[in-house]
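Asks: I am attaching a structure below and will ask some questions about it afterwards.
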Amino acid sequence: MADRFSEALAHRDLEAITSLFAARVDWDIPGNVALAPWLGRRQTRDDVRAGFRLVSRICG
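In case it helps, the numbering used here puts the sequence shown at residues 52 to 111.
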């Protein structure tokens with residue numbers, strides 16, 4: 052699982068990344084969401100996908 056995640060992340064394959072998550076998750080990256088919008092709590096696979104999209108837009 053970790054290898055598949057690392058490979059998908061290296062290829063920026065958002066669908067492959069998020070397919071590894073359950074439909075419901077408990078994902079929390081503490082921090083100031085106003086300064087870094089990818090931080091915060093995610094509760095669904097779609098929330099996680101949205102978080103990765105934010106990182107991708109900001110980091111290229």
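Glycine is no exception: its CB is placed at the ideal position from the N, C-alpha and C atoms.
Which whole-angstrom value describes the C-beta separation of P88 and L105, a residue pair presumed to lie in contact below a C-beta threshold of 8 angstroms?
Replies: Mapped onto the sequence shown, residue 88 falls at position 37. Mapped onto the sequence shown, residue 105 falls at position 54. With a beta-carbon spacing of about 5 angstroms, P88 and L105 fall inside the 8 angstroms limit used to define contacts.
Asks: Compute the Euclidean distance between the alpha carbons of D79 and E58, then round it to the nearest angstrom.
Replies: By one-based count along the sequence shown, residue 79 stands at place 28. By one-based count along the sequence shown, residue 58 stands at place 7. If I take the Cα positions, the gap works out to 22 angstroms.
Asks: With burial defined as no fewer than 16 other Cβ atoms inside 10 Å of the residue's Cβ, what is the status of I145: buried or exposed?
Replies: Coverage of the chain is limited to positions 52 through 111, which leaves residue 145 absent and any answer about it impossible.
Asks: Pull up the distance between the alpha-carbon of V84 and that of R93, whole angstroms please.
Replies: Residue numbering aside, residue 84 sits at position 33 when the sequence shown is read from its first letter. Residue numbering aside, residue 93 sits at position 42 when the sequence shown is read from its first letter. Those two C-alpha atoms are separated by around 12 angstroms.
Asks: Would R55 pass as a contact of L65 if the rule is Cβ separation under 8 angstroms?
Replies: For the purposes of this step, residue 55 is taken as the residue at position 4 of the sequence shown. For the purposes of this step, residue 65 is taken as the residue at position 14 of the sequence shown. The Cβ-Cβ distance between R55 and L65 does not fall below 8 angstroms.
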